[in-house]
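**Q** Keeping their order, the protein sequence lines are chains A and B. Heads up: the first sequence begins at 60 in my numbering, then just goes up one per residue. Heads up: the second sequence begins at 74 in my numbering, then just goes up one per residue.
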Amino acid sequence: MNSTLLRTTAVRSALRAAAPSSAARAGIAGTTFVRGKATLPDLAYDYGALEPAISGKIMELHHKNHHNTYVTSFNNFSEQIAEAKQKNDIAAQIALQPLINFHGGGHINHTLFWENLAPTSQGGGEPPTGALAGAINDSYGSLDAFKEKFNAALAGIQGSGWAWLVQDTQTGKVGIKTYANQDPVVGQFRPILGVDAWEHAYYLQYQNRKAEYFKAIWDVINWKAAEKRLK
Amino acid sequence: MSAPSYTLPPLPYAYDALEPHISKQIMELHHGKHHQTYITNLNAALKTQAEAVHTSDITSQVGLQAAIKFNAGGHINHSLFWQNLAPASSAEAKTSAAPELIKQINAIWGDEQAFYDAFKTTLLGIQGSGWGWLVKVETGKEQRLTIVTTKDQDPVVGKGEVPIFGIDMWEHAYYLQYLNGKPAYVENIWKVINWKTAEERFLGTRADAFKVLRASI
Numbered sequence: 060m061n062s063t064l065l066r067t068t069a070v071r072s073a074l075r076a077a078a079p080s081s082a083a084r085a086g087i088a089g090t091t092f093v094r095g096k097a098t099l100p101d102l103a104y105d106y107g108a109l110e111p112a113i114s115g116k117i118m119e120l121h122h123k124n125h126h127n128t129y130v131t132s133f134n135n136f137s138e139q140i141a142e143a144k145q146k147n148d149i150a151a152q153i154a155l156q157p158l159i160n161f162h163g164g165g166h167i168n169h170t171l172f173w174e175n176l177a178p179t180s181q182g183g184g185e186p187p188t189g190a191l192a193g194a195i196n197d198s199y200g201s202l203d204a205f206k207e208k209f210n211a212a213l214a215g216i217q218g219s220g221w222a223w224l225v226q227d228t229q230t231g232k233v234g235i236k237t238y239a240n241q242d243p244v245v246g247q248f249r250p251i252l253g254v255d256a257w258e259h260a261y262y263l264q265y266q267n268r269k270a271e272y273f274k275a276i277w278d279v280i281n282w283k284a285a286e287k288r289l290k
Numbered sequence: 074m075s076a077p078s079y080t081l082p083p084l085p086y087a088y089d090a091l092e093p094h095i096s097k098q099i100m101e102l103h104h105g106k107h108h109q110t111y112i113t114n115l116n117a118a119l120k121t122q123a124e125a126v127h128t129s130d131i132t133s134q135v136g137l138q139a140a141i142k143f144n145a146g147g148h149i150n151h152s153l154f155w156q157n158l159a160p161a162s163s164a165e166a167k168t169s170a171a172p173e174l175i176k177q178i179n180a181i182w183g184d185e186q187a188f189y190d191a192f193k194t195t196l197l198g199i200q201g202s203g204w205g206w207l208v209k210v211e212t213g214k215e216q217r218l219t220i221v222t223t224k225d226q227d228p229v230v231g232k233g234e235v236p237i238f239g240i241d242m243w244e245h246a247y248y249l250q251y252l253n254g255k256p257a258y259v260e261n262i263w264k265v266i267n268w269k270t271a272e273e274r275f276l277g278t279r280a281d282a283f284k285v286l287r288a289s290i
């Protein structure tokens, strides 16, 4: 998975002692691996940079509060599951699995989501090129036809969840899949592009008019980042 | 080919009656938009289903079940929810309005505080959208109370189950006011539970609890 997802405890504590504000920027240089701890990744743009598609207030809460809660909860339950393993407590390990899936999934999903968004000044909304453009055209005929199907998938989510453009690792083909709650795209499918359909992702700005959010978000999709995920 | 058509039940109080615990803006959107949308989509699905029944189209009938469950669930849940809330200053919002129910709650959980703590923990454990309910389960002559959660808009309609009161844990139920502060929402909505309604549902039958739905046809 992405290098921003896991960093070592040793590096974290060293950085915390030195300069907490730069902690999220350094990181991968850690050599002594103690145990991976998830940290909140920095955004590559300002909170207000995706306006008017997504308001600065939504971005700030979504990143600093929601995403961060997934990170801290994931670390907390990871510690608990490590303890349960040490004690050979299988029942406790199984009981913790849904929490790992939910909070770990929340961390993975949001990390990928921030990356596959960009302000228009940094290429947000510029249509895909190359292999990804070809794959989308092959499967959906055109980018507009794809967007229409993707938005229908988003609108069809009952409750909280995500819609993803995924690549089938068996066939190489791309397709649209929805996932409940924070279930991450793992296993047979590779995440290419995700859109968060939880109400917290749009409610302050769009309230119940979620179709408007689904329409507007294409203005800030970072297709370059999506292309890099395709194999 | 005719299918029943449901309409939005009126709130038993004004949109701002639950303030400061639930804001007027939330109530307006929640009732006027979200609940209405479930009803609109339910009516559309029921109409399509009636046609599929008429033409003996079994695959379409089965295909429609998820949409019917979701939208009917949304209608059922919200209809029950509005009725099991009341302004904080009203007599209905005091647990003294539910003497028999509280007696059984205390017998099971020990006291009101322990019951609240258990309910709160359950609500905060919901992953994604869903509801928390206090449910009376009748099996033969026996009855018990239990706290259950349901995902998305799954309604409490199992055999012998009577929903006593429910709390909506979808983000649209609190986000405009509480943002990600879910625990504060739970603490405050507890102050506007309609214990009189809860007592009536506890003492009554399943049909009594759901009578609001018949009235919305």
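Beta carbons: idealized from backbone N, C-alpha and C, even for Gly.
Label R287/B either buried or exposed according to how many other C-beta atoms from any shown protein chain fall within 10 Å of its C-beta, with 16 as the threshold for buried.
**A** Exposed is the call here.
**Q** Between the Cα of E173/B and those of D89/B, V259/B and K269/B, spot the shortest distance and give me the residue it belongs to.
**A** Nearest C-alpha to E173/B: K269/B.
**Q** Using a cut-off of 9 angstroms between C-beta atoms, extract the partners of G201/B located in chain A.
**A** Near G201/B (Cβ distances below 9 angstroms), the residues of chain A are F161, G218, S219, G220, A239, N240, Q241 and W257.
**Q** Taking DSSP as the reference, what is the three-state secondary structure of L158/B?
**A** Of the three classes helix, strand and coil, the one that applies to L158/B here is strand, per DSSP.
**Q** Please check if any C-beta of chain B sits within less than 8 angstroms of the C-beta of H126/A.
**A** Answer no: the Cβ-Cβ gap between H126/A and chain B never drops below 8 angstroms.
**Q** Using only the alpha-carbon positions, how far apart do A284/A and E174/A sit?
**A** Taking the straight line joining both Cα atoms gives about 7 angstroms.
**Q** Leaving out five residues before and five after K236/A in sequence, what residues of the same chain have Cβ atoms less than 7 angstroms from its Cβ?
**A** Contacts found: W223, V225 and F248.
**Q** Going by DSSP, what residue range makes up the beta strand (DSSP E) through T223/B?
**A** Per DSSP, T223/B belongs to the beta strand (DSSP E) from E215 to K224.
**Q** Output, in chain order, the set of chain B residues within a Cβ distance shorter than 9 angstroms of L176/A.
**A** None at all; the shortest Cβ gap to chain B is about 20 angstroms.
**Q** Tell me which same chain residues have a C-beta within less than 7 angstroms of the C-beta of W263/B, skipping the five on either side of it?
**A** Cβ within range, chain order: Y189.
**Q** Chain A partners of E260/B, CB-CB under 7 angstroms?
**A** Neighbours of E260/B on chain A: none; closest Cβ ~18 angstroms, over 7 angstroms.
**Q** Please state whether DSSP places G239/B in a helix, a strand or coil.
**A** DSSP places G239/B in strand when its eight states are reduced to three.
**Q** For P256/B, does the three-state DSSP call read helix, strand or coil?
**A** Correct three-state label for P256/B: helix.
**Q** On the CB-based measure, 16 or more other CB atoms within 10 Å of its CB, does Q216/B come out buried or exposed?
**A** Flag for Q216/B reads exposed.
**Q** For I131/B, count neighbouring C-beta atoms within 10 Å of its own C-beta (all shown protein chains included) and say buried if the count is 16 or more, exposed if not.
**A** Classification for I131/B: exposed.
**Q** Could one say the Cβ of Q55/A lies closer than 8 angstroms to chain B's Cβ atoms, at least one of them?
**A** The displayed coordinates of chain A run from 60 to 290. Any statement about residue 55/A would go beyond what the structure contains.
**Q** Since A161/B and H94/B are thought to touch, with beta carbons under 8 angstroms apart, how far apart are those beta carbons, to the nearest angstrom?
**A** Indeed they touch by this definition, with Cβ atoms about 6 angstroms apart.
**Q** Say whether chain B places a C-beta atom closer than 8 angstroms to the C-beta of Y262/A.
**A** Interface residue, yes.
**Q** Please identify the residue among F161/A, I149/A and S198/A whose C-alpha is closest to the C-alpha of T131/A.
**A** Of the candidates F161/A, I149/A and S198/A, the one whose C-alpha sits nearest the C-alpha of T131/A is F161/A.
**Q** Restricting to Cα atoms, I'd like to know which of A141/A, T228/A, N267/A and G253/A is closest to W243/B.
**A** Selected option, being the one with the closest Cα: N267/A.
**Q** Under the rule that 16 or more other beta-carbon atoms within 10 Å means buried, what is I181/B, buried or exposed?
**A** So I181/B ends up on the exposed side.
**Q** Quick check on D225/B: buried or exposed, where buried means 16 or more other Cβ atoms within 10 Å of its Cβ?
**A** That one is buried.
**Q** Among residues of its own chain, excluding the 5 on either side of K193/B, which ones have a beta-carbon nearer than 7 angstroms to its beta-carbon?
**A** Only V259 meet the Cβ criterion.
**Q** For E138/A and I159/A, what's the separation of their Cα atoms in angstroms?
**A** Computed Cα separation, rounded: 10 angstroms.
**Q** Look at the alpha carbon of G198/B and the alpha carbon of H127/B, and state the distance between them as a whole number of angstroms.
**A** Those two C-alpha atoms are separated by around 43 angstroms.
**Q** May I ask you to verify whether the stretch 93–102 of chain A touches the stretch 165–174 of chain A, counting CB pairs closer than 8 angstroms and requiring at least 3?
**A** The stretch 93–102 of chain A vs the stretch 165–174 of chain A: in contact.
**Q** From the beta carbon of K106/B, is the nearest beta carbon of chain D less than 8 angstroms away?
**A** The structure shown has no chain D; the protein chains it does contain are A and B.
**Q** With 8 angstroms set as the bound, which would you pick, yes or no: does the beta-carbon of Y248/B sit closer than that to a beta-carbon of chain A?
**A** Yes, contact with chain A.
**Q** Determine whether the Cβ of D190/B lies closer than 8 angstroms to any Cβ atom of chain A.
**A** Taking Cβ atoms only, chain A never reaches closer than 8 angstroms to D190/B, which makes this a no.
**Q** Does the separation of the CB atoms of L137/B and A125/B fall below 8 angstroms?
**A** Yes, they are a contact pair.
**Q** Tell me, please, which residues DSSP counts as bridged to G205/B.
**A** T222/B and I240/B.
**Q** Mind listing the chain A neighbours of K54/B? Cutoff is C-beta to C-beta under 7 angstroms, in chain order.
**A** Lying before the first or after the last residue shown, residue 54/B is absent from chain B, which here runs from 74 to 290.
**Q** Less than 8 angstroms between the CB atoms is what I'm expecting for F205/A and I216/A, so what's the real figure, rounded?
**A** Not really, about 17 angstroms apart at Cβ, beyond 8 angstroms.
**Q** Beta-carbon separation of I237/B and L276/B under 8 angstroms?
**A** The answer is no: Cβ separation not under 8 angstroms.
**Q** Report the option in D281/B, N267/B and Y251/B whose CA atom is closest to the CA atom of Q98/B.
**A** Considering only alpha carbons, the answer is Y251/B.
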